[in-house]
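Here is the structure we will look at, set down as structure tokens.
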Amino acid sequence: MTPALELTDLRKSFGPAKIIQGVDLSVGKGERHAIIGPNGAGKSTLFNLISGRFMPSSGEVRLGGELISGKKPYQINRMGLSRSFQVSNIFTNMTVRENVRCGVLYSMGYGYSFWRNIGNLKEVSEKTAHILDEVGLLEKANLPAALLPYADQRTLEIAITIAGGADVILLDEPTAGMSHSETDRAVALIEKASKGKTLLIVEHDMGVVFNLADRISVLVYGEIIATGTPEEIRGDAKVREAYLGEEAEDAA
Amino acid sequence: DTIKMAFIDPLSGAMASSGEPAYQSFILAAEHINANGGVNGNEIEILGLDNKISPKESLVQLQKAIDQGARYILQGNGSSVASAIIDAVNKHNQRNPGEEVLFFNYAAVTPAFTNEACSFWHFRFDAHADMKMNGITDWVAKRDDIKKVYLIGQDYVFGEAVAAAAESQLAEKRPDIEIVGNELHPLAKVKDFTPYVQKIISSEADAVITGNWGQDMTLLVKAAADAGQEIPYLTFYGGSSGAVATLGEGAVGTLFQVSELAANQEGISDEQNALVAEYKERFPDYDYYYHRAFVTLEMFDAAAEKAGSIDPIDVAYALEGLSVEGGYGTATMRAEDHQVQQPLFITTVSPDVTFPVDNTDLGWALVEGGVISAEAAMEPTTCEMERPE
Amino acid sequence: METLVFALLNGVIYGLLLFMLSSGLTLIFSMMGVLNFAHASFYMLGAYLAFTIMEGTSFWIALFLAPVLVGLVGMVVERYGLRRVHAQGHVAELLFTFGLAYLIDEVVKIFWGRTAVNYRVPELLDFPLFTLYGAQYPAYRIFILFVAAFMLVALWYLLKRTRAGLIIQAALTHPHMVGSLGHNVPLIFMSVFGVGCALAGLAGVIGGNYFVTDPAMAVQMGPIVFVVVVVGGLGSLEGAFVAAMLIGLLQTSAISINASLADIFGFLGLGPHTEVGEITIASMAPMLPFLLLVLILMIRPRGLMGEREV
Amino acid sequence: MTDMTATYAALEPSRAEKFRQRTVPLIAFAVLLLVIPLFNPSRSMVTLLNHMGITIVFALSYNMLLGRAGLLSFGHAVYMGLGGYFAVHVMNWVADGSGFWGAVPVFTMPAFGFGAGALAGAVIGWPSCRRAGTPFAMISLGVAELVAAAGFMFDSLFGGEMGISGDRMSGPEFLGLSLGPVDEVYWFIAFWTFIGVLGTYAFTRTPLGKLSEATRDNPERVEFVGYSPQRVRYLVFIFAGAFAGMAGGMSAVQDEIFTPENLSLIPSGAILIATYVGGIRYFTGPIMGAIIMTYMGSNLSDYTAGWLLYLGLMFVGVVMFLPNGIAGIVYGTTDTIRAGRLGEVWQSWLIRLAGLVLIATSVITIVEVAFRWSEGYGEVFEPFGLHLDTTNLLTWVLGVVPLVLGVLLVLKSAKGESK
Amino acid sequence: MLQITDLHAYYGKSHVLNGVEMQIMPGEVIALLGRNGVGRSTTAKAIMGEVAPQGSIRFRGQEIAGLPNHKIARMGLGYVPESRDIFPTMTVRQNLMLGIKNMRKTGRWSIDQMLEMFPNLARRADNPAGVLSGGEKQMLTMCRTLMGDPELIIIDEPTEGLAPLIVTQVGEMIAEIAKAGVSILLVEQKLSIALKIADRVYVMGHGEIVYSGTPAEFATRDDIRKEWLEV
Ligand SMILES: Nc1ncnc2c1ncn2[C@@H]1O[C@H](COP(=O)(O)OP(=O)(O)OP(=O)(O)O)[C@@H](O)[C@H]1O
Ligand SMILES: Nc1ncnc2c1ncn2[C@@H]1O[C@H](COP(=O)(O)OP(=O)(O)OP(=O)(O)O)[C@@H](O)[C@H]1O
Ligand SMILES: CC(C)C[C@H](N)C(=O)O
Ligand SMILES: [Mg+2]
Ligand SMILES: [Mg+2]
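Residue numbers (my numbering), protein chains in the order written: chain A, 1 to 252; chain B, 1001 to 1389; chain C, 2001 to 2310; chain D, 3001 to 3419; chain E, 4001 to 4231.
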């Protein structure tokens, strides 16, 4: 079976700074894979490389076996990979519903159409409502996104990401800045939304990571120093030293 | 009753310096006529309408003027606008019989308007480009020291007409003269004419002929002065406000103008001289320049009297062939093409004048042999006028 | 040869004037991110003020006083206008200056009339310096050269005294933060805008009598200044200098070329009496800067020497 | 699934609401267009109305860029101009009357303008739309200068300074309209204005229209939901060009002339001002702006030499104090009234109004006196029989005192509001 | 050192701070605890003049409520905002340079010292700060504020979004700062850190202070913890 996402010897430098130094990673279909690592390890950069925001310096990214490195973000998105951002990246002047609808549109086959009334696109409206319902933003659907509280904006960020129904979903610190209860809700949502899909997630909250992930990779200074099940990672001495530090004991 | 005459020209924006003095001239002329009992007892009212020098906007203003009851249109600044107005007036008169309007053109001098594009509804009170050029080329013809002439003008109908007239007339009158340059520059876009002047210098021309006006006039002579050029500049509009001020003493004997106005000469009536002085007093920013504005209203007055009517069609017929004594010579409206025939004068800047301009000590004085009689200035016409009824 | 020398000489002087005019805009843009549409209006204001001051006193006093006054006007504009609009973003700022240009134009017309004023080169500099191929070369142009050089050096110094520049740049995006670090952001903005306007005023003092001081001078210079700044690379002083020179030379040399398009592209079968063929290089001179602008933006959006995209 | 459909129905505005918010205004607009002639407007009034119609379509097309897609263009008149030029040429072919063109009614000119505008948008938009923001604005400025310069160069296409004229009375009549007299042209303009309003409104409701807003807000994110922001901008640009061209076609018939200056920065700047003053955040904003600016541009200059100054003051005032334009005030007011909050705010509104009237008094006094002083016609500003010249103390009092009072009042009301 | 009495603040119409009372002695480290959205950041902003404060805020005896923020900063208050507003286009070094209020006076820290203390930053010293990772940005913001040599520094949520290891590092850094004699107002959620460093804690609930005491006392107050802190 071809993996959903496969990185081979992926490298990225900014000028002299080598940020990603040969990452090999393979994420199977339906797998929930978490990436952890210290700040500045290159996790977000990795996401940017996969999603087409940056061009890799060398190496390959394959999505379902197809080469996607070098493609434009929108092309990659159309091939079924969707991502969220570490810092909320939403359409602030539009309403929540319109935000989600933007995420839905392309996947429903309404490219750049200008001969249809968007209000009459039943399946779009239904899908939008469905997603809003799923993430729990239905009541706030007609609020301008800019007015949402922080946690709701993070949720909306996720909603837009999953709206297009992509098979591979990349979430960059989806719960950053959320309180415990909000985090719990977000985790439940992610669990539900990623059912049957491939999920790649970056998180610092170990609770979330150990809860959610089937497998974990640890990225340190642009290299993956360990990949394995949560148990394996927790027990890994290298990981402890490089990343988890003392808090590993708390979590353990 | 009042006779409303709509003055459609730039009254704001960059070109207002050309429209304003004309507007003022018409106002003063109307005041004088009104003070003398008006036109058949009717007062003239000049409606100033700002066209922002745009042909399109002029048509809007034209429509408005007609709606306000104006049956006479005054315009002159720019042949492009004039051409649009002629076209629009023709259409209007055809579409609205009984509401005809007349167009009195006091400055747009592209020859076509009284030739192939002539119209019964259009009267021109200024000598057209070919006629003015006659004055210039006659003068050049007499100057044996001029062997090479440089033509420079603005790139639009009028500038093209000037260049064409100069070429053909020089070829006829002085075939030995070499035209060493024939340049059209963009209208009102050049900021520094130095490169052009340098070209003129390199061409070793003995004289320059130009139809430039407004800023293009001022900047051209300024660049020439800076380069220390001292050859004659033979112009249509050297009297554009500002040019003399820019050149200062340097203008003396190098800047020439051909026009229907020569204020500083002997034998002019006191009345006319008083008018020139009155103008300056009323409107200190400008100088008496648009003499033809006064001629225009004088002829209108006379025609209305002759027709015993102020209806445009009657006035138009009465104007055909009409003569009046202008301040500087008789003006006759030629019936065939509605082109005024009047004497022209070649003047140059001199420190020794009664009426200085641009708030300097300098003014325009007649050059020797600078009077061109109406006959000498006359040009044939190809006009085939269609007259109503 | 002759043509070439003249084209060079004139091109350089025109280029220097363009540089003087655009350096203030570059300063304001690089530091405040404001694309000041009214910049050329401040240039005009400088010329008119110099004219009035010179009538009462002398050119040398005007040379100093007029830019200072224009700078003060600029500071007032920043304080009571731009600052208000700043919160609404760059488009609003740009539109504000766009409207301001209208206002300044009209006010100038009220005070000085609609026609050109007689603002002249001072006697002291009004003499031909040398004669070249039969044409005199006015001393005033050399004076322009010196003023421009002085300005370049002075600005260079100002911009490379980096901390002030840094603070302003930072304040552009994070005014609160910069304030929290103890820097008086509003004052800095006001001063930068003032200095930028004063530079435009200085260009006006110098250029107003080189060209003509009339109410249309702002409108005519406005777009070309933008071309210089954008082509040079927004915010880059060096770039503005190079671009100003380039455009100055390009325009003046184009005018001295007599060839028409047919002469050049005749080998492609372009006839000399076709409409396109008849167009001369000289007549294309005024549009060349804009051609350059569009090409540069398409090929290299950050301009010749800009560090970031416009 | 059924309950899902129910929720989604609750999300969307109800049928009645849609009808009230969308259909009713359009019908009202159509009715308004139909009844205007019943008031027997004068010919210049009709001409003014016709120009308003043209400007409305033009401003709406401009707002597709500025307000919706966030693209600041300094050269939108290029598309109106090219569309208009093409329409004038077509009119002249129609007048020549042979073959296909002989059968084309002049009534359809805006459709040709639409096509030409779209084509121009497609050609010029290709290089310009790759970037938004300042590069876009600067390219549009450069393109406008270039096209206008080309307009002055290629006489056979653009007629030089003089432009190209046409005759709207040529060709077959359509709907019994000869299009000679302006009142017949009114029907033509009314029809196409309605089409323009309908078309631009419909565009905002399409997926592309929504995407253009999304691209304005956050072009980066658009890329990650499957769209190319460049492509979105490009398509919107073509449509904006097309509707501008349509306005050009309307203008070709109304004015029967197009000149290269119609392509220049000046009309482009004017439409920017009109749109912004009207309010770019609302669909109807540009309509209001177009109406007001057309009126001011054509009539204010009859009353005062200072019309440009007033225009400038008004524009700067809107930019500074009313970022949502006139539409912002209109909707703000109606919303307050509808919410029944008039009772709370009427006092503060009255104070503000009084303050504004006072400020206006001063500004008008200053401007009018100043213009007469500078003009030197010897005229004196004489409102209500007062003889205000520069030596009259009253002039200075009127110029300063109401200004100070007015500013104080406005500040006071602003403070009252914020509490 | 800092004395806050009856502080109120509004966002538009919503009344966020409702009579906050608080005081900080010289050299003290205070932790301000509370749930999300109770108004802790707003308190910090009100002190710095970024939100219009109503009431009295005295810094070393001088009233600072209503002053523009640069004046407040110049009096010796430092602020590290939650949003970590680094200047993205400037290099790390330039960012630090901007923290200096007066180039002529050298404060407790120099740029080189700072970089020595934080090798992570030193590595990126000449990179644009915008490309730093989240944790690096947090350190940079703190260092930058220290460059201004404040007497009291307000730090808002320094550990948010940081890797566990870095969290410990940041904690150590704060302790370090405290050792240098700078008073600290620490707005935190992670109790473990707050309790370790603080001399006193304030707990905030719905726009007012609901508890104050030493960490030791606080440790005994499960009721407060339950009611005001846990979710
Ligand atoms: N455009 C860029 N140019 C130069 N360096 C960059 C660029 N983008 C990122 N970096 C550097 O790459 C490193 C990795 O950054 P990245 O944002 O991927 O970290 P991260 O693992 O997501 O960290 P965090 O958990 O803090 O978000 C950082 O040191 C950062 O400074
Ligand atoms: N700019 C703003 N406009 C309107 N309301 C705001 C704004 N900023 C904060 N608020 C509201 O004010 C309240 C207090 O916010 P504050 O940021 O002080 O909370 P906090 O205790 O620091 O919480 P957090 O853990 O989220 O930082 C919250 O309810 C928040 O929604
Ligand atoms: C006002 C005049 C200078 C106009 C010029 N003669 C023209 O025909 O265009
Ligand atoms: Mg990251
Ligand atoms: Mg907070």
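We put the beta carbon where it would ideally sit given N, CA and C, even for glycine.
Compare the C-beta of residue i against all C-beta atoms of chain C and say whether one is closer than 8 angstroms.
| i | result |
| --- | --- |
| Gln-1198 of chain B | yes |
| Gly-3974 of chain E | Since the first residue shown for chain E is 4001 and the last is 4231, residue 3974 of chain E is missing from the structure and cannot be characterised. |
Could you pull out every residue in the same chain whose Cβ sits closer than 6 angstroms to the Cβ of residue i, ignoring the five residues on either side in sequence?
| i | result |
| --- | --- |
| Thr-3365 of chain D | Leu-3398 and Gly-3399 |
| Val-1157 of chain B | Ser-1079 and Thr-1110 |
| Gly-2074 of chain C | Phe-2193, Gly-2194 and Cys-2197 |
Taking 8 angstroms as the threshold (C-beta atoms), are residue j and residue i in contact?
| i | j | result |
| --- | --- | --- |
| Ile-1310 of chain B | Ala-1304 of chain B | yes |
| Pro-3267 of chain D | Arg-1095 of chain B | no |
| Arg-97 of chain A | Thr-128 of chain A | yes |
| Gly-2015 of chain C | Gly-2179 of chain C | no |
Under 7 angstroms Cβ to Cβ from residue i, same chain only, skipping five residues before and after it: list those, please.
| i | result |
| --- | --- |
| Gly-4055 of chain E | Thr-4005, Asp-4006, Leu-4007, His-4008 and Ala-4065 |
| Leu-276 of chain A | A question about residue 276 of chain A goes unanswered here, because the residues of chain A that appear run from 1 up to 252. |
| Val-3345 of chain D | Thr-3336 |
Please list, in chain order, the chain A residues whose beta carbon lies closer than 8 angstroms to that of residue i.
| i | result |
| --- | --- |
| Val-3369 of chain D | Under the 8 angstroms cutoff, chain A gives no residues; its nearest Cβ is about 44 angstroms from Val-3369 of chain D. |
Could you tell me which chain C residues have their CB closer than 7 angstroms to the CB of residue i, listed as they occur along the chain?
| i | result |
| --- | --- |
| Ile-3139 of chain D | Val-2294 and Leu-2297 |
Please confirm if residue i has its CB atom under 8 angstroms from at least one CB of chain A.
| i | result |
| --- | --- |
| Ala-4044 of chain E | no |
| Val-4131 of chain E | yes |
| Arg-4035 of chain E | yes |
If the cut is a Cβ gap below 9 angstroms, which residues of chain A does residue i touch?
| i | result |
| --- | --- |
| Asn-4235 of chain E | The question about residue 4235 of chain E has no answer, for chain E in this structure spans 4001 to 4231. |
Just to make sure I have the definition right: I need the residues of chain B whose C-beta is within less than 7 angstroms of the C-beta of residue i. Which are they?
| i | result |
| --- | --- |
| Glu-2002 of chain C | Ser-1202 |
Tell me which residues share the same chain as residue i and place their Cβ nearer than 8 angstroms to its Cβ, disregarding the 5 neighbours each side in the sequence.
| i | result |
| --- | --- |
| Lys-968 of chain B | Only positions 1001 to 1389 of chain B appear in the structure, and residue 968 of chain B is not among them; the question remains open. |
| Val-187 of chain A | Thr-175, Val-208, Asn-211 and Leu-212 |
| Gly-2011 of chain C | Met-2245, Gly-2248, Leu-2249, Leu-2250, Gln-2251, Thr-2252 and Ser-2253 |
| Leu-3358 of chain D | Pro-3402, Leu-3403, Leu-3405, Gly-3406 and Leu-3409 |
| Lys-1173 of chain B | Thr-1137, Asp-1138, Val-1140 and Ala-1141 |
Measuring only between beta-carbons, confirm whether residue i sits less than 8 angstroms from chain E.
| i | result |
| --- | --- |
| Met-94 of chain A | no |
Residue i touches chain H at which residues, Cβ-Cβ below 7 angstroms?
| i | result |
| --- | --- |
| Asn-39 of chain A | As a matter of chain content, chain H is missing from the structure shown, whose protein chains are A, B, C, D and E. |
List, in chain order, every chain B residue whose beta-carbon is nearer than 9 angstroms to that of residue i.
| i | result |
| --- | --- |
| His-3051 of chain D | Val-1060 |
Counting only Cβ pairs nearer than 7 angstroms, list the residues of chain D close to residue i.
| i | result |
| --- | --- |
| Arg-2084 of chain C | Met-3320 |
Closer than 8 angstroms by beta-carbon distance: list the chain B residues that pair up with residue i, in chain order.
| i | result |
| --- | --- |
| Met-3162 of chain D | Pro-1055, Ser-1079, Ser-1080, Ser-1083, Ala-1084, Tyr-1156 and Val-1157 |
With a threshold of 8 angstroms between beta-carbons, can residue i be considered close to chain D, or not?
| i | result |
| --- | --- |
| Asn-98 of chain A | Note that residue 98 of chain A is Glu in the sequence shown here, rather than Asn. Interface residue, yes. |
| Ile-2281 of chain C | no |
At 8 angstroms on the CB atoms, spell out the chain C contacts of residue i, in chain order.
| i | result |
| --- | --- |
| Gly-976 of chain B | Absent from the structure is residue 976 of chain B, since the part of chain B shown begins at 1001 and ends at 1389. |
Mind pulling the chain D residues with CB within less than 9 angstroms of residue i?
| i | result |
| --- | --- |
| Thr-2268 of chain C | Inspection of the sequence shows that residue 2268 of chain C is occupied by Leu rather than by Thr. Those within 9 angstroms of Leu-2268 of chain C in chain D number zero; the least Cβ separation is about 18 angstroms. |
Are the C-beta of residue i and some C-beta of chain B separated by less than 8 angstroms?
| i | result |
| --- | --- |
| Ser-2256 of chain C | yes |
Can you pull the chain D residues whose beta carbon is under 8 angstroms from the beta carbon of residue i, in chain order?
| i | result |
| --- | --- |
| Pro-73 of chain A | Glu-3223 and Phe-3224 |
### Query
Taking the runs of the beta strand (DSSP E) that are 3 residues or longer, which of them lie wholly in the region 2238 to 2308 of chain C?
none
### Task
Would you mind listing the alpha helix (DSSP H) stretches within the region 4131 to 4157 of chain E that are 4+ residues and don't spill past its ends, in chain order?
4134 to 4147
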